[in-house]
Amino acid sequence: MKKLLLLVFAAALGFGAVSCRDGKDSKTKEGGEFSFRKTTWGMSREQVKASEDTTPTGDNPEVITYRGEVEGIPAIVGYLFDGDKLTRAGYLMQGSYEDPNSYISDYNKVKGFLINEHGTPAQDEVVWAEGEEEVEDPGKFGESVCGGKLRYSTIWSDGMTVIRESLDGKNGNCNHGVMFESVELSIKKKIGNNEAAPPPPGQ
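So the sequence shown is numbered by this note's numbering: it starts at 11 and just counts up by one.
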């Protein structure tokens, strides 16, 4: 279970980060009072657990998860820790649809909210996988995403937090996630350790 939770948030959501709304509690306050929901970067596991009103669905040293929603879409809420310090957090959408294009609709819905909250993205891409022939019919885009041929990615940054929303897939399954990542406690540490780290937005 521990490895599964880490894979869900470190791999499925990638290295980016996102600010989202889960009712009134997940909206980041103006002035940067909160980094994610009711938490700030560097909080301990116990402080993070005290910030939530429900019992965790998963509780390990590196990851704590909860059930939640983003813009009405069911989601797993995840907090990731390094040395008992909160460094990343995010949402993994749990919507399930027969029509693959519904995942794109969800992506655009959340993206619209993020633009309203954070302004114009630093990076906004729709990228076809290398070697894949681009499909001109938008009605086939969802199928291409779930098949791993097409990826959507949008990034924001305020200097303290990098914010990413992503939509991709594999073997017919779509993955839609949003995630926050601390610049100071996560990204700079990766760079200092010569580990793979995300490029600055816009590059």
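All residues carry an ideal CB built from backbone N, CA and C; glycine is no exception.
- If you draw a straight line from the Cα of Asn-181 to the Cα of Glu-153, it is about 10 Å long.
- Taking 8 Å as the cut-off, the beta carbon of Trp-138 is found no closer than this to the beta carbon of Leu-124.
- Annotation for Tyr-76: the continuous beta strand (DSSP E) segment containing it runs 73 to 80.
- Under the rule that a run must span 4 or more residues, the alpha helix (DSSP H) segments found entirely inside the stretch 83 to 158 read 111 to 128 and 151 to 156.
- With 16 or more other Cβ atoms inside 10 Å of its own Cβ, Pro-131 counts as buried.
- When Cβ pairs closer than 8 Å are counted between the two stretches, the stretch 54 to 72 is seen to touch the stretch 84 to 99, the count reaching three or more.
- Annotation: the continuous alpha helix (DSSP H) that includes Glu-56 extends over 55 to 61.
- The C-beta distance from Cys-156 to Pro-110 rounds to 5 Å, short enough to meet the 8 Å contact threshold.
- Judged by DSSP secondary structure, Lys-199 falls within the alpha helix (DSSP H) whose first and last residues are 198 to 202.
- Cβ neighbours of Thr-67 within its own chain (closer than 7 Å, five residues either side excluded): Thr-75, Tyr-76 and Arg-77.
- Residue nearest to Phe-44 within the set His-186, Gly-179, Met-170 and Gly-82 is Met-170 (criterion: CA-CA distance).
- Within the DSSP secondary-structure output, Trp-166 pairs in a beta bridge with Ile-173.
- In this model, Asp-92 and Glu-146 are separated by some 44 Å (Cα to Cα).
- Distance from the CA atom of Ile-114 to the CA atom of Leu-177, rounded to whole angstroms, is 8 Å.
- In the DSSP assignment, Val-193 falls outside any beta strand (DSSP E), carrying neither H nor E.
- In the displayed model, Arg-47 falls within coil according to three-state DSSP, outside both helix and strand.
- Straight across, the Cα-Cα distance linking Val-172 with Glu-144 is about 29 Å.
- Within the DSSP bridge table, the entry for Asn-181 names no partner.
- In the three-state scheme derived from DSSP, where H, G and I count as helix and E and B as strand, Gly-52 is classed as coil.
- Separation of Glu-108 and Asp-63 (C-alpha to C-alpha, rounded to the nearest whole angstrom) is 33 Å.
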